[in-house]
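Read in order, the letters of the sequence shown are residues 13 to 698 in our numbering.
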Amino acid sequence: MAVDYEIVDNTLRINCLNWVVAPSIEDSAAAMGVVINRLLEAKNVLRVVLVERREIEYGFEETRMLQEIAEVYKGVLSSEDFTRMENFGCSQHAPKRFSEFRFLVSEVLRKDPIGAYVKIGLMIRSAEKESRASGDDCFKTYVERILLPIKSMLERTQMIKRVKDKIKLFKFGDRSLYRMLFHPLTRPTFMLTRFILTVPKEAILLDKYKVGTTDVEVYKVPGKVKYLYYILPEEFKLTQDMYDLIERARQYLAAHKPTEAELADPRRVRELFFNISRDLIKDLARTSKLYLSEEEVEKLANILVRYTVGFGVLELLLADDKVQDVYVNSPIGYSPIYIFHSDFEECETNLIPTKDEGESWATRFRLYSGRPLDEANPVLDTEIIVPGGRARVAAITRTLSPEGLAFAFRRHREKAWTFPLFIKVKMFNPLYAGLMSFIADGGRAVLIAGGRGAGKTSLLSALMLEIMRKFRILVQQDSVTGDCEILVSRNGKIERTTVGELVDNLLLKYGYKRESGREVLDKNPENIKVFTVDKNGKVRLALVSKFIRHKVSKNVFEVETRTGKKIRVTEDHSLFSLGKDGKLQPISAKDIKVGSYLVTPRILPVESEKVEKLNVLESLEKLKDVYVLGPAIRKFLIAHEQLVKEIAKELGYTVYKRDKYPKSAFSCWLHNSILPCEVLKRMLAQ
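Structure below.
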């Protein structure tokens with residue numbers, strides 16, 4: 013059987029798509045024989061991967077066991093001692109023994125080495141028994157020159173050493189011992205992370221719960237300090253047809269090249285790919301004559317997005333509220349992901365990311381943060397937001413990490429820490445909580461210090477909640493935030509965005525030049541206009557001449573108006589106020605006080621279609637707890653009394669008089685000449 017294979021980075025990858033046997037070394041003798049044949053041809057192989065609908069990977073130790081069997085097989089074939097007929101004993105028995113030995117080596121040794129070892133042992137005992145019975149040295153020659161040497165060669169291999177004490181349990185055709193030796197890593201072809209699907213036999217289950225559709229189990233493994241955090245996502249519960257759909261859809265998506273502007277906004281590109289994936293899966297299912305419900309289509313689209321433009325298994329881990337930290341150590345691909353669990357502390361997962369996935373994460377962190385990560389800048393701090401959670405990211409690379417990339421993720425809580433929660437988890441006692449609350453209430457200065465992961469941010473957020481709401485909080489940061497919302501006109505269309513998003517996307521798309529520490533785009537390629545005030549005090553749209561982004565080391569002030577409008581500006585940034593003469597005049601943010609007058613536009617001159625009239629009846633479904641009133645309503649109720657009562661009863665109104673109600677709903681409507689909009693809408697529909 014011709015077998016396609018390739019060697020990439022010391023990994024032997026064998027194509028198993030057209031195999032009629034299971035692509036599993038531990039389950040199939042034929043598969044083991046094929047792999048050993050390929051190992052005879054390949055050199056310097058550290059791992060073996062069988063590629064079908066899934067990729068089944070065998071690690072270094074398992075590959076080494078197979079290589080030792082291949083070396084035994086090669087040594088037997090190349091040695092003249094195993095081909096000389098005189099070594100098989102007398103001419104009477106030599107032909108039969110040679111035939112049996114050739115079958116044992118050519119057919120059994122590569123496919124079932126444990127079986128070959130057991131068979132050789134049986135042959136030795138049989139020969140010795142016949143030798144004692146006949147007193148013939150013919151059997152002695154055969155045993156000493158053929159059987160004992162090959163048995164000795166097999167006993168030196170790790171495979172036989174590991175199962176020697178269990179060899180009595182072996183039965184020909186039963187591959188239970190191989191399943192004890194080989195524990196491959198499995199992943200679908202559309203994923204980069206490898207999963208350890210088998211749980212250690214002696215592991216003790218401590219906890220089990222679900223995170224969405226993902227099964228989570230926590231085990232205690234004897235002999236290990238860390239617990240095992242085992243997850244089984246919905247990706248491993250799909251049918252074979254669904255795997256085929258995802259793989260075909262992934263190939264189509266690979267041809268789609270998002271623009272730089274799309275890549276700058278992860279949420280936008282995720283939404284774009286989800287819509288494309290959903291439509292693509294529907295089309296592929298239709299052409300394959302495969303029926304999928306809308307729920308199944310959404311599930312497959314989410315999986316596809318997670319492993320194309322998403323962060324793969326990181327999203328599964330960060331979706332778990334009990335996971336606080338995630339660690340990906342270097343060198344990536346040789347050790348599992350570790351987490352810090354709120355109940356079981358540090359745990360080892362059944363996930364092993366590949367080097368390619370680590371590089372993919374690093375590239376996205378560079379892109380989303382706009383910062384470098386290389387040997388000259390070996391540290392990158394940023395933040396990621398994924399469905400189910402968000403996290404702060406710390407990435408390091410060479411010069412700081414000799415083995416290459418490594419990552420640490422600190423998951424943010426969806427619900428803020430409070431003093432009662434800290435007391436519940438025994439971070440501090442009620443006395444400390446009362447003291448800190450007293451200090452915050454008294455307006456005393458507090459310094460919160462500690463190493464990374466000590467809980468500074470969590471304690472600070474809880475302490476801020478102890479400040480009474482009647483006080484305003486002034487936020488100070490080292491740089492200007494770009495989260496201020498703004499209305500702009502882009503190519504004649506009004507858009508709502510933020511200053512940061514607008515400027516970042518333009519600088520990324522069209523480039524910039526550095527001037528005195530500032531990043532400047534001195535053109536307006538998209539004809540962007542913003543609202544400004546002219547000399548006459550009128551608000552109008554004007555073209556932007558430059559887009560500038562720069563870092564500052566100044567205080568940032570948050571200004572809030574009486575109506576709740578907020579803006580964050582640096583201390584020397586000017587807003588507008590009224591002077592003594594009633595005219596507009598600039599005022600610095602640091603000079604604004606409570607009660608200062610600030611000028612804001614009441615109406616923005618936005619060109620839009622004039623609304624001459626509005627048909628309220630067309631929007632009745634949007635009106636809740638709203639009634640129609642008028643003299644004509646009373647006549648309408650009298651004319652359609654029975655129909656109104658039937659509809660009102662269906663909607664939950666009391667239409668008949670009860671003892672504890674002085675009037676029914678219908679009587680109330682009739683008396684006041686009113687009718688709920690939802691009742692009227694139902695009547696109009698009939």
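All C-beta atoms in this analysis are idealised placements derived from N, C-alpha and C, irrespective of residue type, glycine included.
Annotation: the continuous beta strand (DSSP E) that includes ASP393 extends over 391-398. Of the candidates VAL338, SER342, HIS195, the residue whose Cα lies closest to the Cα of GLU360 is VAL338.
When DSSP states are grouped into helix, strand and coil, TYR350 belongs to the strand group. With at least 16 other beta carbons inside 10 angstroms of its own, VAL46 counts as buried. Sorting PRO212, MET476, CYS496, PHE207 by C-alpha distance to the C-alpha of PRO365 places PHE207 at the top. For the pair LEU218 and PHE323, the CB atoms are not nearer than the 9 Å cut-off.
The secondary-structure analysis by DSSP pairs GLY401 across a beta bridge with VAL398. Bounds of the beta strand (DSSP E) holding CYS359 are 357-361. When DSSP states are grouped into helix, strand and coil, PHE115 belongs to the helix group. DSSP links PHE569 through a beta bridge to VAL581. Closest by C-alpha distance to ARG199, out of ALA139, PHE113, GLU69, is GLU69. By the C-beta density criterion, SER164 is exposed, having fewer than 16 other C-beta atoms within 10 angstroms.
When the beta-carbon positions are compared, VAL581 and VAL568 come within less than 9 Å of each other. For PHE285, the enclosing alpha helix (DSSP H) has its first and last residue at 278-299.
Here the segment 30-47 makes contact with the segment 181-199; the two share three or more CB pairs at distances below 8 Å. Measuring C-alpha to C-alpha distances from LEU29 to each of GLU67, VAL57, ASN49, SER372 identifies GLU67 as the nearest. DSSP places THR510 inside the beta strand (DSSP E), whose first and last residues are 505-510.
Exclusion of the five residues before and after ILE506 leaves LEU499, VAL618 as the residues of its chain whose Cβ lies within less than 7 Å of its Cβ. When DSSP states are grouped into helix, strand and coil, ILE659 belongs to the helix group. Taking the Cα positions, VAL398 is about 8 Å away from LEU330. In summary, CYS496 is exposed, with fewer than 16 beta-carbon neighbours lying within 10 Å of its beta-carbon over all protein chains present.
A direct Cα-Cα distance of roughly 12 Å separates PRO643 from TRP681.
The beta carbon of VAL321 sits closer than 7 Å to the beta carbons of VAL281, ARG282, PHE285 from its chain, once the five residues preceding and following it are set aside; these are given in chain order. Here the alpha carbon of THR573 sits roughly 8 Å from the alpha carbon of LEU610. Sorting VAL120, ILE126, ALA420, VAL155 by C-alpha distance to the C-alpha of ARG137 places VAL155 at the top. Segment contact: the segment 83-97 against the segment 114-130, three or more CB-CB distances shorter than 8 Å; contact assigned.
One Cα belongs to GLY576, the other to ILE344, and the distance between them is close to 49 Å. Residue range 41-53 is occupied by the alpha helix (DSSP H) that includes VAL47. Fully enclosed alpha helix (DSSP H) runs of no fewer than 4 residues occupy 252-265 of the segment 238-267, in order along the chain. According to DSSP, residue pairing for LYS232 in a beta bridge involves ILE216.
Contact between LYS566 and LEU553 does not hold, since their C-beta atoms are separated by about 30 Å, which reaches or exceeds 8 Å. One Cα belongs to PRO245, the other to LEU58, and the distance between them is close to 28 Å.
Collapsing the DSSP output to three states places GLN698 in coil. With a cut-off of 8 Å on Cβ pairs, the segment 285-302 is not in contact with the segment 162-182, counting fewer than three such pairs. Counting only the Cα atoms, VAL656 lies some 58 Å from TYR380. Look at VAL611 here: in three-state DSSP terms it is coil, with no helix or strand label.
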